[in-house]
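Structure, as C-alpha coordinates:
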Amino acid sequence: MAVIPVEVWQLVRDEQGHDYILLRDEQERLLSIAIGMCEAASIMIRISPSLNQFFPRRPLCHDLMQAVLEKRHAKLEKVVIDNMVNGTYYATLYITVPGGEELIDARPSDAIALLVRVGAPLFVDGEIMDEHAFFPGQSEDEGEQYFGDGFI
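Count along the sequence shown from 1, then add 856; that gives the number in this note's numbering.
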(Lines of atoms letter the chains of each structure in order from A and count residues from 1; the text may use other names and numbers.)
(Lines give C-alpha, C1' and ligand atoms only; values in the text may rest on other atoms or scores of the structure.)
Protein backbone atom coordinates (compact mmCIF):
# COMPACT_ATOMS: atom_id res chain seq x y z
CA MET A 1 0.00 0.00 0.00
CA ALA A 2 1.43 3.37 -1.04
CA VAL A 3 0.76 6.12 1.47
CA ILE A 4 0.73 9.87 0.95
CA PRO A 5 1.87 12.33 3.63
CA VAL A 6 -0.79 14.87 4.58
CA GLU A 7 -1.11 17.73 7.02
CA VAL A 8 -3.98 18.84 9.19
CA TRP A 9 -5.01 21.87 7.17
CA GLN A 10 -8.22 23.18 8.64
CA LEU A 11 -11.15 22.42 10.91
CA VAL A 12 -14.47 23.55 9.47
CA ARG A 13 -18.15 23.48 10.29
CA ASP A 14 -20.72 23.25 7.52
CA GLU A 15 -24.07 25.03 7.33
CA GLN A 16 -25.78 22.18 9.21
CA GLY A 17 -23.32 22.40 12.12
CA HIS A 18 -21.31 19.26 11.25
CA ASP A 19 -17.58 19.39 11.98
CA TYR A 20 -14.93 18.25 9.49
CA ILE A 21 -11.18 18.05 9.46
CA LEU A 22 -9.53 18.85 6.16
CA LEU A 23 -6.27 17.10 5.38
CA ARG A 24 -4.04 18.47 2.61
CA ASP A 25 -1.39 16.69 0.57
CA GLU A 26 1.56 18.13 -1.36
CA GLN A 27 -0.60 18.50 -4.49
CA GLU A 28 -2.97 20.76 -2.49
CA ARG A 29 -5.73 18.12 -2.62
CA LEU A 30 -8.03 18.01 0.38
CA LEU A 31 -9.59 15.05 2.15
CA SER A 32 -12.61 15.86 4.28
CA ILE A 33 -13.35 13.65 7.29
CA ALA A 34 -16.41 14.15 9.48
CA ILE A 35 -15.52 14.34 13.18
CA GLY A 36 -17.35 14.82 16.44
CA MET A 37 -17.53 18.09 18.32
CA CYS A 38 -15.36 16.86 21.21
CA GLU A 39 -12.63 15.59 18.89
CA ALA A 40 -12.74 18.85 16.93
CA ALA A 41 -12.24 20.80 20.17
CA SER A 42 -9.42 18.49 21.25
CA ILE A 43 -7.61 19.02 17.95
CA MET A 44 -8.30 22.75 17.81
CA ILE A 45 -6.81 23.51 21.22
CA ARG A 46 -3.56 21.90 20.08
CA ILE A 47 -3.31 23.55 16.68
CA SER A 48 -4.50 26.92 18.04
CA PRO A 49 -3.01 27.19 21.55
CA SER A 50 -4.62 30.60 22.14
CA LEU A 51 -7.93 28.73 22.56
CA ASN A 52 -6.66 26.87 25.64
CA GLN A 53 -8.10 29.60 27.86
CA PHE A 54 -11.63 28.47 26.92
CA PHE A 55 -11.17 24.82 27.89
CA PRO A 56 -10.73 23.05 31.22
CA ARG A 57 -7.22 22.89 32.56
CA ARG A 58 -7.63 19.16 33.31
CA PRO A 59 -6.32 16.65 30.75
CA LEU A 60 -8.64 15.63 27.94
CA CYS A 61 -8.80 11.98 26.88
CA HIS A 62 -6.19 12.54 24.16
CA ASP A 63 -3.87 14.07 26.74
CA LEU A 64 -4.44 10.94 28.81
CA MET A 65 -3.57 8.77 25.81
CA GLN A 66 -0.34 10.73 25.39
CA ALA A 67 0.52 10.31 29.07
CA VAL A 68 -0.11 6.55 28.93
CA LEU A 69 2.19 6.21 25.93
CA GLU A 70 4.92 8.18 27.68
CA LYS A 71 4.60 6.20 30.94
CA ARG A 72 4.84 2.94 29.00
CA HIS A 73 7.89 4.17 27.06
CA ALA A 74 5.90 3.86 23.85
CA LYS A 75 5.98 6.25 20.92
CA LEU A 76 3.41 7.02 18.26
CA GLU A 77 5.50 6.74 15.10
CA LYS A 78 2.79 7.56 12.58
CA VAL A 79 -0.91 7.42 11.79
CA VAL A 80 -2.22 6.02 8.52
CA ILE A 81 -5.77 6.52 7.32
CA ASP A 82 -5.91 3.24 5.52
CA ASN A 83 -9.49 2.19 4.88
CA MET A 84 -12.97 3.47 4.10
CA VAL A 85 -16.06 1.32 4.49
CA ASN A 86 -19.60 2.60 3.89
CA GLY A 87 -18.45 6.23 4.09
CA THR A 88 -16.49 5.72 7.33
CA TYR A 89 -12.73 6.22 7.41
CA TYR A 90 -10.46 3.97 9.49
CA ALA A 91 -6.98 4.70 10.81
CA THR A 92 -4.12 2.69 12.23
CA LEU A 93 -1.76 3.89 14.94
CA TYR A 94 1.82 2.64 14.51
CA ILE A 95 3.28 2.56 18.01
CA THR A 96 6.74 1.40 19.01
CA VAL A 97 6.86 -0.26 22.39
CA PRO A 98 9.73 -1.91 24.22
CA GLY A 99 10.22 -5.06 22.24
CA GLY A 100 8.58 -4.13 18.97
CA GLU A 101 5.79 -2.38 17.13
CA GLU A 102 2.06 -2.47 17.80
CA LEU A 103 -0.67 -1.57 15.32
CA ILE A 104 -3.85 -0.23 16.85
CA ASP A 105 -7.14 0.45 15.07
CA ALA A 106 -8.48 3.96 15.71
CA ARG A 107 -10.97 6.50 14.53
CA PRO A 108 -9.16 9.10 12.41
CA SER A 109 -10.38 11.91 14.67
CA ASP A 110 -8.92 10.32 17.81
CA ALA A 111 -5.71 9.40 15.99
CA ILE A 112 -5.28 12.98 14.76
CA ALA A 113 -6.06 14.43 18.20
CA LEU A 114 -3.25 12.26 19.57
CA LEU A 115 -0.75 12.94 16.79
CA VAL A 116 -1.05 16.72 17.08
CA ARG A 117 0.03 16.30 20.71
CA VAL A 118 3.09 14.15 20.01
CA GLY A 119 4.16 15.49 16.61
CA ALA A 120 3.78 12.23 14.69
CA PRO A 121 3.33 12.27 10.92
CA LEU A 122 0.00 11.58 9.21
CA PHE A 123 -0.49 9.56 6.02
CA VAL A 124 -3.44 8.56 3.84
CA ASP A 125 -3.61 5.47 1.66
CA GLY A 126 -2.94 6.58 -1.92
CA GLU A 127 -6.05 4.91 -3.33
CA ILE A 128 -8.26 6.62 -0.76
CA MET A 129 -6.68 9.97 -1.55
CA ASP A 130 -7.04 9.44 -5.31
CA GLU A 131 -10.68 8.42 -4.95
CA HIS A 132 -11.95 10.88 -2.32
CA ALA A 133 -9.71 13.96 -2.32
CA PHE A 134 -10.74 17.21 -4.00
CA PHE A 135 -9.20 20.59 -4.67
CA PRO A 136 -10.18 23.76 -2.72
CA GLY A 137 -13.36 25.19 -4.17
CA GLN A 138 -14.64 21.73 -5.05
CA SER A 139 -16.15 18.91 -3.07
CA GLU A 140 -16.18 15.20 -3.61
CA ASP A 141 -19.39 15.90 -5.59
CA GLU A 142 -17.86 18.07 -8.32
CA GLY A 143 -17.79 21.45 -6.66
CA GLU A 144 -21.15 21.59 -4.90
CA GLN A 145 -19.67 22.57 -1.53
CA TYR A 146 -16.85 24.92 -0.57
CA PHE A 147 -14.65 24.59 2.51
CA GLY A 148 -12.79 27.85 2.39
CA ASP A 149 -13.06 30.14 5.36
CA GLY A 150 -14.94 27.94 7.79
CA PHE A 151 -12.74 27.67 10.86
CA ILE A 152 -14.57 26.25 13.82
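For every residue, glycine included, the Cβ atom is placed at its ideal position computed from N, Cα and C. Keep in mind it's a predicted model, so treat the numbers as computed, not measured.
- Item | Span of the alpha helix (DSSP H) around LEU916 | To locate residue 916, count along the sequence shown from 1; it is residue 60. For LEU916, there is no enclosing alpha helix (DSSP H), since its DSSP letter is neither H nor E.
- Message: Quick check on SER888: does DSSP put it in helix, strand or coil?
- Response: One-based indexing of the sequence shown puts residue 888 at position 32. Assigned with DSSP and collapsed to three states, SER888 falls in strand.
- Message: Helix, strand or coil, according to DSSP, for GLY873 in the structure here?
- Response: As a first step, residue 873 must be located in the sequence shown, where it is residue number 17. The three-state secondary structure of GLY873, taken from DSSP, is coil.
- Indicate the three-state DSSP secondary structure (helix, strand or coil) for MET857 in the structure shown. As a first step, residue 857 is located in the sequence shown; it is residue number 1 there, counting from the start. Coil.
- Task: Tell me whether the beta-carbon of ARG902 lies closer than 8 angstroms to the beta-carbon of ARG973.
- Result: The count along the sequence shown starts at 1 and reaches residue 902 at position 46. The count along the sequence shown starts at 1 and reaches residue 973 at position 117. For ARG902 and ARG973, yes; Cβs fall inside 8 angstroms.
- Thinking C-alpha only, which one of HIS874, LEU916, ALA930 and ASP938 is nearest ASP986? The residue you call residue 986 lines up with position 130 of the sequence shown. Answer by Cα proximity: ASP938.
- Close-in-space but distant-in-sequence residues of the same chain around PRO977 (CB under 7 angstroms, 5 per side omitted): Position 121 of the sequence shown, counted from the start, is the residue given in the question as residue 977. Excluding positions up to five away in sequence, the list reads PRO861 and LYS934.
- If we ignore side chains and look at the alpha-carbon of each, how far apart do VAL864 and ILE984 end up? Here the question's residue 864 lines up with position 8 in the sequence shown. Here the question's residue 984 lines up with position 128 in the sequence shown. The alpha-carbon atoms of VAL864 and ILE984 are separated by roughly 16 angstroms.
- Query: CA-CA distance, TYR950 and GLY993?
  - Reply: Here residue 950 corresponds to residue number 94 of the sequence shown, with the count starting at 1. Here residue 993 corresponds to residue number 137 of the sequence shown, with the count starting at 1. Those two C-alpha atoms are separated by around 33 angstroms.
- Message: Which residue wins for smallest C-alpha separation from VAL953, given the options ARG928, LEU920 and MET921?
- Response: As a working mapping, residue 953 is identified with position 97 in the sequence shown. Relative to VAL953, the option among ARG928, LEU920 and MET921 whose CA is nearest is ARG928.
- Query: Could you give the residue range of the beta strand (DSSP E) that holds VAL896?
  - Reply: Numbered from its first residue, the sequence shown carries residue 896 at position 40. Val is not the amino acid found at residue 896; the sequence shown has Ala there. Looking at the DSSP string, ALA896 is not in any beta strand (DSSP E); the run it does join, the alpha helix (DSSP H), is 893 to 903.
- Message: Looking at ARG963: is its Cβ nearer than 8 angstroms to the Cβ of ALA989?
- Response: In the sequence shown, the residue the question calls residue 963 occupies position 107. In the sequence shown, the residue the question calls residue 989 occupies position 133. In this structure, ARG963 keeps its C-beta atom at 8 angstroms or more from the C-beta atom of ALA989.
- Query: DSSP on GLU958, reduced to helix/strand/coil?
  - Reply: Position 102 of the sequence shown, counted from the first residue, corresponds to residue 958. DSSP places GLU958 in strand when its eight states are reduced to three.
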